[in-house]
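For reference, the structure is listed below as structure tokens.
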Amino acid sequence: MQTITSVLEMQILAEDLRSKGQIIGLVPTMGALHEGHVSLIKLAAEQADTVVVSIFVNPTQFGPSEDFSKYPRSLEADVAVCEAAGVDIVFAPTAEEIYPKGYSTFVVEEFIAKPLEGVSRPVHFRGVTTVVAKLFNIVRPDLAVFGQKDAQQVAVIKKMVEDLHFTVDVVVAPTLREPDGLAMSSRNRYLSATQRIEALVIHRALRKAIEMVASGERRVDRLVAEATHLIGLHRRVRMIYVSIVDRTTMVAIKGEVVPGKAVMVIAAWVDEVRLIDNEVL
Ligand code: PAF
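Heads up: the sequence shown at position 12 corresponds to 23 in my numbering, and the numbers run straight through without jumps.
Take a look at the structure:
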């Protein structure tokens, strides 16, 4: 496995691999790798000859009051995870490589990025689309794997790929969960034992909605009300949003859900830890 930190070096290597007919699979990450990331790497390896994992805590996707400075950074351990998972190349640039002094160009998706995360994190998706577009230009992947846990991110990136004519196949990996249902996330490291137990209500609320749909309930207001009620029973959990949206456009569904097309998305604070999760209904 090679670890590359220079943009130019990565571009030259990617060009060489492409000229040899290699299919390149990219797994973009911000490090703090866990089993969920390993499942993305495995999915990439099934479809690609060369798997590249990027590790870059992207400053532009964090708002001024967010957790950029304290976001978990564990490059050495991450490189070991990649090695064990059979990754071919780790691309771990510095912030100066990606955003050199005087950098002033951004990629903005203006519709899907607006609601939900876009309301409470107004600069988030501008940072995500910018860095992912850059990674696509640097690594030149044939496919890139993203986790369904970030449902809105997946929808925004798919739209960017379509709108900007990137020839990258966006592959979506299912959310990996802990045995008790908590969606795997790098931010779970922030949770104390008590907070972690409280956080389980997010997945319980999603499961409840799935059960209600399975037993015939289709009314969006009823499904949202039940999930909101369950979350409200937990003093340390403050709901940011509970919404049922179209899984492609992220537009809120009014009236009744059509099973398979709708996704319930939840964001909540567990004390000072911000978590998101979703399930297709
Ligand atoms: O999902 C993430 O970890 C990040 O948003 C991504 C896609 C690596 C961009 O920084």
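Using N, Cα and C, we set each Cβ at its ideal position, and we do this for glycine too.
Asked, Found
"Over what stretch of residues does the beta strand (DSSP E) that includes V92 continue unbroken?", "Not the beta strand (DSSP E): V92 falls in the alpha helix (DSSP H), residues 86-96."
"Is V118 helix, strand or coil when you go by DSSP?", "coil"
"Of all the options V156, L154, A220, which has the alpha carbon lying nearest to the alpha carbon of H240?", "A220"
"In terms of DSSP beta bridges, what is F102 paired with?", "I15, S65"
"Please return the same chain residues whose Cβ sits closer than 8 Å to the Cβ of G192, not counting the five positions on each side in sequence.", "L211, H214, R215, R218"
"Does at least one heavy atom of ligand 1 sit under 6 Å from the Cβ of P39?", "yes"
"Taking 6 Å as the cut-off, is the C-beta of V139 nearer than that to any heavy atom in ligand 1?", "yes"
"Are V156 and I123 close, meaning C-beta to C-beta below 7 Å?", "no"
"Confirm, please, whether the CB-CB distance from A273 to I255 is below 7 Å.", "yes"
"The alpha helix (DSSP H) spanning S50 covers which residue range?", "46-58"
"Return the CA-CA distance between L244 and I208, expressed in angstroms with no decimal places.", "13 Å"
"Could you work out which residue in A106, Q72, V64 is closest to V92 when comparing CA atoms only?", "V64"
"Is the CB-CB distance between V38 and A55 below 7 Å?", "yes"
"In the structure shown, what three-state DSSP assignment does S80 receive?", "coil"
"Kindly indicate the opening and closing residues of the alpha helix (DSSP H) around I213.", "204-225"
"For G74, does the three-state DSSP call read helix, strand or coil?", "coil"
"Any heavy atom of ligand 1 closer than 6 Å to the beta-carbon of V142?", "yes"
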